[in-house]
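Just so it is clear: in the sequence shown, position 100 is 100 by the UniProt record's numbering, and no numbers are missing.
Where a beta carbon is used, it is the ideal one built from N, C-alpha and C, also for glycine.
Given the structure is predicted, the values throughout are model-derived calculations rather than measurements.
Structure first, commentary second.
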Amino acid sequence: MIPNLNNVRLRDKMLLLYFLCVFVPILLTNFIFYNVTTASVKNQRMQDISRALEQVKNEFLQEVEDTLQVSSVFYTDHLLNEIIETKYEHPAEYVEVYDSYLRRIINTSSPAYNSVDAITVYVDNPTLLYSGGIVYIDQNVKQQDWYREISSAKPSAPILMRTGQNGQLDTFSVIRRMDYYYYSRQENGHFLKIDMRMPIIHQIFNNLNLQGRIYLLNDRGEVEYSNDADLDLHAGAVPFEQVVTPERTIEFHKGYGQSNHLTGWSIVGRISEDEVFQEVRQNRNFIVLLTCLNILLPTLIIVWITRSLNVRLVRILKHMKKLKNQHFETIQDEGSSDEIGQLTGEFNRMTLQIQSLINNVYVADIQRKNLELERRHAQLNALQSQINPHFLFNALETIRMRSLMKDEEETARIIHNMAKIFRNSLVWRRDMVTLKEELDFIYCFLEIQKYRFGDKIEYTIRTNEADLSISIPKMSIVTFVENASIHGIEPLKQGGKIEVEIRQSAGELFCTIRDNGVGMSGEQVEKLHGYLIGEEEMGERIGIQNVIYRLRMYYKDGLNLKVRSKVGEGTEIHLTIPIEKHENKNLYQSPKVF
Numbered sequence: 001m002i003p004n005l006n007n008v009r010l011r012d013k014m015l016l017l018y019f020l021c022v023f024v025p026i027l028l029t030n031f032i033f034y035n036v037t038t039a040s041v042k043n044q045r046m047q048d049i050s051r052a053l054e055q056v057k058n059e060f061l062q063e064v065e066d067t068l069q070v071s072s073v074f075y076t077d078h079l080l081n082e083i084i085e086t087k088y089e090h091p092a093e094y095v096e097v098y099d100s101y102l103r104r105i106i107n108t109s110s111p112a113y114n115s116v117d118a119i120t121v122y123v124d125n126p127t128l129l130y131s132g133g134i135v136y137i138d139q140n141v142k143q144q145d146w147y148r149e150i151s152s153a154k155p156s157a158p159i160l161m162r163t164g165q166n167g168q169l170d171t172f173s174v175i176r177r178m179d180y181y182y183y184s185r186q187e188n189g190h191f192l193k194i195d196m197r198m199p200i201i202h203q204i205f206n207n208l209n210l211q212g213r214i215y216l217l218n219d220r221g222e223v224e225y226s227n228d229a230d231l232d233l234h235a236g237a238v239p240f241e242q243v244v245t246p247e248r249t250i251e252f253h254k255g256y257g258q259s260n261h262l263t264g265w266s267i268v269g270r271i272s273e274d275e276v277f278q279e280v281r282q283n284r285n286f287i288v289l290l291t292c293l294n295i296l297l298p299t300l301i302i303v304w305i306t307r308s309l310n311v312r313l314v315r316i317l318k319h320m321k322k323l324k325n326q327h328f329e330t331i332q333d334e335g336s337s338d339e340i341g342q343l344t345g346e347f348n349r350m351t352l353q354i355q356s357l358i359n360n361v362y363v364a365d366i367q368r369k370n371l372e373l374e375r376r377h378a379q380l381n382a383l384q385s386q387i388n389p390h391f392l393f394n395a396l397e398t399i400r401m402r403s404l405m406k407d408e409e410e411t412a413r414i415i416h417n418m419a420k421i422f423r424n425s426l427v428w429r430r431d432m433v434t435l436k437e438e439l440d441f442i443y444c445f446l447e448i449q450k451y452r453f454g455d456k457i458e459y460t461i462r463t464n465e466a467d468l469s470i471s472i473p474k475m476s477i478v479t480f481v482e483n484a485s486i487h488g489i490e491p492l493k494q495g496g497k498i499e500v501e502i503r504q505s506a507g508e509l510f511c512t513i514r515d516n517g518v519g520m521s522g523e524q525v526e527k528l529h530g531y532l533i534g535e536e537e538m539g540e541r542i543g544i545q546n547v548i549y550r551l552r553m554y555y556k557d558g559l560n561l562k563v564r565s566k567v568g569e570g571t572e573i574h575l576t577i578p579i580e581k582h583e584n585k586n587l588y589q590s591p592k593v594f
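Written out as structure tokens, the structure is:
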């Protein structure tokens with residue numbers, strides 16, 4: 001009779017399961033396995049890796065030799081050397097020669113150029129035009145590292161080095177002086193630069209038979225190329241001794257010996273020991289025998305032990321699925337005292353508590369949140385309705401007084417601006433507008449103020465054209481401009497100036513409103529800053545206080561407001577709100593500057 005394990009502690013069951021089904025079988029089989037197969041498989045794998053590394057070495061050498069062969073063809077091409085040495089009296093003569101010969105031989109789409117990505121001939125003949133593959137040697141060329149290297153090399157000897165643009169050395173190039181027919185020209189001269197196809201190099205060093213890191217070392221022991229993603233070689237070669245060696249790594253070396261152009265170079269492979277030993281598990285017949293021994297006995301023991309666990313665990317799982325669908329049924333347990341029995345009791349208590357919480361707390365909390373959302377929505381509508389009349393009544397009074405004092409046709413233009421303000425302020429179908437629409441609103445207001453005060457007020461608006469499509473809350477900036485005009489500039493006898501600058505950076509929109517008006521006292525500045533953290537009821541607030549409260553409802557902690565002002569020295573307001581995208585472009589000057 002199978003003993004009943006329902007009252008045995010789960011820890012004791014796991015210990016029994018571990019020693020009988022895991023520890024003893026694995027210890028025995030692994031001892032036999034590693035003593036029999038490790039040595040032979042390791043030697044075979046080491047030979048395979050060595051052959052693969054030799055293949056990488058030979059394929060790279062072949063690519064270099066193919067490129068050198070192409071360079072030799074150009075180097076000994078008598079017609080090419082004659083063309084680049086000829087002084088052309090008219091550009092048309094060179095164009096004819098280029099189309100008839102140079103364009104064909106420099107075209108790298110030829111099958112003969114499988115290893116070549118680009119061919120460039122650098123000449124010191126100013127009568128040759130800049131064209132595909134022909135480049136004049138100017139000061140920029142002379143500052144290149146490859147030019148200084150080939151200039152100091154012995155004549156006719158090609159060199160292999162990494163080149164690139166803007167300091168990014170990402171291409172292998174073969175460079176040589178074009179002096180096969182013109183030995184006497186030692187100053188400047190002509191140079192041939194052939195760039196190798198880097199995708200082919202990348203494919204060679206990412207050999208599928210080598211699951212490790214491969215390094216190409218030059219004759220100075222520096223890494224020129226590697227498939228190591230953690231190694232940045234774009235700025236130049238890195239000493240190999242500075243490359244960190246991972247733990248448990250086997251290192252392989254393959255030198256190029258006395259190769260004509262790769263003398264002293266070598267290929268180094270670092271392969272993880274896990275990669276070397278991965279084929280240990282592939283000795284099938286022996287593994288199958290040991291696997292059967294490891295599975296048969298543990299399976300019988302595990303079935304016996306888990307028999308007391310499975311039925312009750314499945315029953316708990318079924319009740320948990322019912323609980324997910326809000327069926328709060330308790331489990332009828334037999335009163336077992338092991339861990340599963342305790343889990344069943346805790347599950348029953350949890351089910352009853354969740355049912356109580358849902359009935360007593362969750363429903364009431366949802367109702368409270370719905371009421372809070374409705375209250376916030378009502379506050380937002382009230383705020384929007386307060387901002388509009390405050391501005392419109394001031395603007396209407398300005399136009400009315402001016403019209404009574406002077407009979408001018410200019411008033412028609414101001415009335416047109418006023419119509420725009422009415423249209424934007426009285427219609428609140430949408431609260432978010434683009435920055436361009438907000439700027440139009442600001443222009444209309446400042447034009448009215450300009451009409452009212454004449455030369456007493458000047459304004460400048462700067463923004464970025466690419467930022468005009470950014471969405472912001474309606475009338476969020478114009479209220480600050482209105483405050484600067486009415487409370488800052490209007491009290492001055494000699495007039496003043498308002499500056500508005502809007503830009504985006506790092507995902508935020510920065511708005512600066514600056515005036516040289518009467519300024520504010522420290523108490524007034526602190527009062528404005530206090531609007532950011534105040535929790536007062538909305539009441540009848542209008543103006544800046546209303547706008548700040550409204551922006552807080554939109555952006556919460558993302559809103560930032562800084563006010564700098566002193567009495568008699570003007571006011572500067574910095575408003576920062578978050579946006580979703582940003583592009584850094586130059587600011588442009590608004591065409592309307594007064």
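Check: Would you mind sorting Val567 into buried or exposed? The rule is 16 or more other CB atoms within 10 Å of its CB.; Outcome: exposed
Check: Out of curiosity, what's the CA-to-CA distance linking Phe441 and Val478?; Outcome: 7 Å
Check: Taking Cβ positions, are Val268 and Tyr225 nearer each other than 7 Å?; Outcome: no
Check: DSSP state of Leu373, grouped into three classes?; Outcome: helix
Check: Could you check if Met196 is buried or exposed, using at least 16 other CB atoms within 10 Å of its CB as the buried criterion?; Outcome: buried
Check: As an exercise, report each continuous beta strand (DSSP E) stretch of at least 3 residues that is fully enclosed by the stretch 468-509, in chain order.; Outcome: 471-473, 496-505
Check: Within this structure, are the beta carbons of Val56 and Ile204 separated by less than 7 Å?; Outcome: yes
Check: Just to confirm my understanding: we take Tyr180, look at its own chain, exclude 5 residues before and 5 after, and list those with CB closer than 6 Å. What are they?; Outcome: Tyr75, Thr76
Check: Three-state secondary structure (DSSP) at Tyr555?; Outcome: helix
Check: I'd like to know if Asn483 contacts chain D, where contact means its C-beta is closer than 7 Å to some C-beta of that chain.; Outcome: Protein chains in the displayed structure number just one, and chain D is not present.
Check: Is the stretch 234-254 in contact with the stretch 24-31, if contact means three or more CB pairs nearer than 8 Å?; Outcome: no
Check: Just how far apart, CA to CA, sit Ser471 and Leu435?; Outcome: 6 Å
Check: Is the beta carbon of Ile577 less than 7 Å from the beta carbon of Tyr555?; Outcome: yes
Check: Report the rounded CA-to-CA distance for residue 603 versus Arg213, giving the unit in angstroms.; Outcome: For the chain, the structure presents residues 1 to 594; residue 603 sits outside this window and is missing.
Check: Round the Cβ separation of Leu343 and Ile366 to the nearest angstrom and send it over; I've been treating them as touching at under 8 Å.; Outcome: Not really, about 31 Å apart at Cβ, beyond 8 Å.
Check: Could you tell me the boundaries of the alpha helix (DSSP H) in which Pro199 lies?; Outcome: 198-205
Check: Among Arg564, Phe33, Val116, whose alpha-carbon lies nearest the alpha-carbon of Phe286?; Outcome: Phe33
Check: What are the boundary residues of the beta strand (DSSP E) that includes Met350?; Outcome: Not the beta strand (DSSP E): Met350 falls in the alpha helix (DSSP H), residues 339-357.
Check: Looking at C-beta atoms only, is the number of pairs between the stretch 511-525 and the stretch 557-576 that lie closer than 8 Å three or more?; Outcome: yes
Check: In this structure, how does DSSP classify Ala118 when only helix, strand and coil are distinguished?; Outcome: strand
Check: For my contact list, Ile119 and Leu80 are in at a C-beta cut-off of 8 Å; report their separation, rounded to the angstrom.; Outcome: Ile119 to Leu80, Cβ: 11 Å. No contact.
Check: Mapping DSSP to helix, strand and coil, what is residue 646?; Outcome: Residue coverage of the chain in this structure runs from 1 to 594, which leaves residue 646 outside it and unanswerable.
Check: Within the same chain, show all residues whose beta-carbon is closer than 6 Å to that of Lys193, passing over the 5 residues directly before and after it, in chain order.; Outcome: Thr120, Ser173, Ile175
Check: Per DSSP, Glu329 forms a beta bridge with which residues?; Outcome: DSSP lists no partner for Glu329.
Check: Can you tell me whether DSSP reads Val433 as helix, strand or coil?; Outcome: strand
Check: Can you give the beta carbon distance from Val116 to Thr67, rounded, assuming they're within the 8 Å contact cut?; Outcome: 6 Å
Check: Tell me where the beta strand (DSSP E) around Pro578 begins and ends.; Outcome: 570-578
Check: Is DSSP giving Leu210 helix, strand or coil here?; Outcome: coil
Check: What's the call for Tyr459, buried or exposed, on a 16-neighbour Cβ count within 10 Å?; Outcome: buried
Check: Which first and last residues belong to the alpha helix (DSSP H) in which Leu561 is found?; Outcome: Taken as a continuous stretch (DSSP letters only), Leu561 belongs to no alpha helix (DSSP H), being part of the beta strand (DSSP E) at 560-566.
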